[in-house]
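Q: Could you have a look at this structure, given as structure tokens, before my questions?
Listed below in structure tokens is the structure:
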């Protein structure tokens, strides 16, 4: 029965004194811990191949056939396939990040997160990293299948720029998910409806299936100021199909916008989380099941 | 060991906003729990037990009053408190069903900062202790309710907490699983001295079996607090015996027994004659100032020509104590718990 006791501390006062190094290490481990179920889920639930790759690919295919029927430039097929891949990230952000605290509350996990010593930002970061890893494989599958089926050819002259744009897109995109995680819990009693509310409009405003420029300068300007998916896609298309894709702004400017968005969304997520915790403790709801 | 109280609460109130009027879940709770003590909060739904646990585990702010865990303030020193506590609730469905039992425990170990390898070692240790070896690689969603609650209990011990909160831990478990969990709790007490347990329950047996002291709570107030023995004495200062005789005593009968020194009363027991038709057997309920008066009763019975057939001391249950204090039983709840 010795296993019941594990720590050498002589009392709770000593056990509660942690060095900064230990606190940082604990939060890093919490990130890994929370990312774990997402990553392991890839191998546990193979049904995702059908539901999250093959089914969404039908929508991509529909746009491919529309563009071909209209004799649009062949690069448009590539735009759609790339948009389809990036859509996987958006769906992940809306359903698995923004709505996640809501599901966690229902399962009773949220109050355990609150009573554990890690910072809740670590939980969100773990969710984001796990989701990113999981969704990257889906996005790659969409690109692979799309390229094979529709013969898309890519012309990446600056791979480093592509990686930079991708990373700079993911930071604000998942930062937005981290922000929404708190806001969904604060606003909605039905995360399902809020997720649906966000899902479809972004397909349009994000320029998932067409060049963002087609929206006109005013709407495109709004997208540039608010939607990391739209900005990231616009920049990525310029890098992957140089010459063929005319962006709203030069890639460098869009990367700067993405970097600024990253800061805004992450700081926003941190503030919203702080507000959520304060409200949860004050009002006696939000973290508790069935409230 | 620290000399700080494990739990210290003074005038803790909690009022929930509600319509048409606010609900007072806690109405000024004072509580001191010593390190190493197993303490029970016993009360029906709506008593305020869960609200108190939520405050002590830093999930809720008190509306007024102060509370400390190991000397740390629950309002301002939450980070330190969260390093030394853990909590397990009855019916808990925490974690992720696609993980195996072992993976789930490991994931939670990371939230307490255990290094990865140490986390796996600790997980295996707790799996063995709680007897979950056969289920270790089973997905969490396939576990039975009892196995699930054992897993939750193991999760609660991952960080070797100095104060463990068990909120209705055996809720919904069958008899065997509940007994199993109580045995694990007692084993933890024996193996990890200095650890404190705060248990909420509305099962009398559970409180009595696990707790050194018990507070009876109702409608946000502590009505009585003490060891189980002390609580019973609150409602029954005298010793009550059920004495079974082969026949009624002669020479004054029951009245003569009642007049003996040290005997407060002697009346026929509620169930009257103990045997079947044709029997003279009789059962008496005799109240004594203390147990020493029993000798004179037995002697007097023999002198009056009766023989002692049976003798049993009648102890009040904790439910008797509750009914005496509250004026209603556990089954007569009239109010839903404002806290979940």
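Chains as they are written, first to last, in our numbering: chain A, 190 to 480; chain B, -8 to 331. By construction, the Cβ of each residue, glycine as well, lies at the ideal position given by its N, Cα and C atoms. These figures come from a predicted structure and were not determined experimentally.
Check the Cβ-Cβ distances between residue 237 (chain A) and every residue of chain B, and say whether any is below 9 Å.
A: Output row for residue 237 (chain A): interface = no.
Q: How long is the line joining the alpha carbons of residue 154 (chain B) and residue 137 (chain B), rounded to whole angstroms?
A: 23 Å
Q: If we ignore side chains and look at the alpha-carbon of each, how far apart do residue 48 (chain B) and residue 298 (chain A) end up?
A: 15 Å
Q: Taking the beta strand (DSSP E) that residue 212 (chain B) falls in, what are its first and last residues?
A: 212 to 217
Q: Taking three-plus beta-carbon pairs below 8 Å as touching, is the region 68 to 85 of chain B in contact with the region 107 to 119 of chain B?
A: no
Q: According to DSSP, simplified to helix, strand and coil, what is residue 100 (chain B)?
A: helix
Q: Given a limit of 8 Å on CB to CB distance, which residues of the region 84 to 100 of chain B reach chain A?
A: 84, 85, 86, 87, 89, 90, 94, 97, 98, 99 and 100
Q: If you compare alpha carbons, which of A:453, A:420, A:455 and A:452 is closest to residue 439 (chain A)?
A: A:420
Q: Under three-state DSSP, which class holds residue 77 (chain B)?
A: Residue 77 (chain B) falls in the strand class under three-state DSSP.
Q: Going by the CB atoms, is the gap between residue 204 (chain B) and residue 217 (chain B) shorter than 9 Å?
A: yes
Q: Straight-line CA distance for residue 93 (chain B) to residue 407 (chain A)?
A: Their Cα atoms are separated by approximately 54 Å.
Q: Do the region 292 to 307 of chain A and the region 86 to 106 of chain B touch if we need at least three Cβ pairs shorter than 8 Å?
A: Touching, yes.
Q: Output needed for residue 291 (chain B): all residues of its chain with C-beta closer than 8 Å, excluding positions within five of it in sequence on either side, in chain order.
A: 240, 247, 248 and 251
Q: Nearest to residue 282 (chain B) by CA position, among B:133, B:231 and B:312, is which residue?
A: B:231
Q: In chain A, which residues lie less than 9 Å from residue 61 (chain B) when you measure between Cβ atoms?
A: 200, 201, 202, 204 and 205
Q: Does the distance from the CB of residue 228 (chain A) to the CB of residue 322 (chain A) come in under 9 Å?
A: It is a contact, given that the beta carbons lie within the stated cut-off.
Q: Can you tell me whether residue 8 (chain B) is helix, strand or coil according to DSSP?
A: coil
Q: With DSSP as the reference, please indicate the residues paired to residue 63 (chain B) in a beta bridge.
A: B:60
Q: Quick check on the DSSP output: the alpha helix (DSSP H) that includes residue 348 (chain A) runs from which residue to which?
A: Segment 348 to 376, the alpha helix (DSSP H) holding residue 348 (chain A).
Q: At a CB-CB cut-off below 9 Å, which residues of chain B make contact with residue 218 (chain A)?
A: 100, 101, 102, 103, 104, 105, 106, 107 and 110
Q: Check whether the Cβ of residue -5 (chain B) lies closer than 9 Å to any Cβ atom in chain A.
A: yes
Q: So residue 29 (chain B) is in the beta strand (DSSP E); what residue range does that whole segment cover?
A: From DSSP, the beta strand (DSSP E) with residue 29 (chain B) extends over 29 to 33.
Q: Tell me which residues share the same chain as residue 188 (chain B) and place their Cβ nearer than 6 Å to its Cβ, disregarding the 5 neighbours each side in the sequence.
A: Hits under 6 Å: 29 and 155.
Q: Check whether the region 458 to 469 of chain A and the region 386 to 398 of chain A touch, using three or more Cβ-Cβ pairs below 8 Å as the test.
A: no
Q: Counting contacts by CB-CB distance shorter than 9 Å, is residue 256 (chain A) in contact with chain B?
A: no
Q: Run through the DSSP bridge pairs and tell me what residue 302 (chain B) is partnered with.
A: B:234
Q: In the region 219 to 232 of chain A, which residues sit with their C-beta less than 8 Å from some C-beta in chain B, listed in chain order?
A: 219, 221, 222, 223, 225, 226, 229 and 230
Q: If you draw a straight line from the C-alpha of residue 336 (chain A) to the C-alpha of residue 152 (chain B), how long is it?
A: 54 Å
Q: Identify the continuous beta strand (DSSP E) that holds residue 279 (chain B) and give its terminal residues.
A: That run of the beta strand (DSSP E) goes 273 to 279.
Q: I want to see whether chain B comes within less than 9 Å of residue 209 (chain A), judged by CB atoms only; does it?
A: no
Q: Strictly below 7 Å CB to CB, what residues from chain A border residue 29 (chain B)?
A: The contacting residues do not exist; residue 29 (chain B) stays about 14 Å from chain A at best.
Q: Buried or exposed: which applies to residue 125 (chain B), given that a residue is buried once 16 or more other Cβ atoms fall within 10 Å of its Cβ?
A: exposed
Q: Does residue 447 (chain A) get closer than 9 Å to chain B when you measure Cβ to Cβ?
A: So no, residue 447 (chain A) is outside the interface.
Q: Restricting to Cα atoms, I'd like to know which of B:144, B:31, B:103 and B:101 is closest to residue 118 (chain B).
A: Ranked by Cα distance from residue 118 (chain B), the options B:144, B:31, B:103 and B:101 are led by B:144.
Q: On a Cα-Cα basis, can you pick out the residue from B:306, B:300 and B:293 that is closest to residue 278 (chain B)?
A: B:306
Q: In or out: residue 254 (chain A) buried (at least 16 other Cβ within 10 Å) or exposed?
A: exposed
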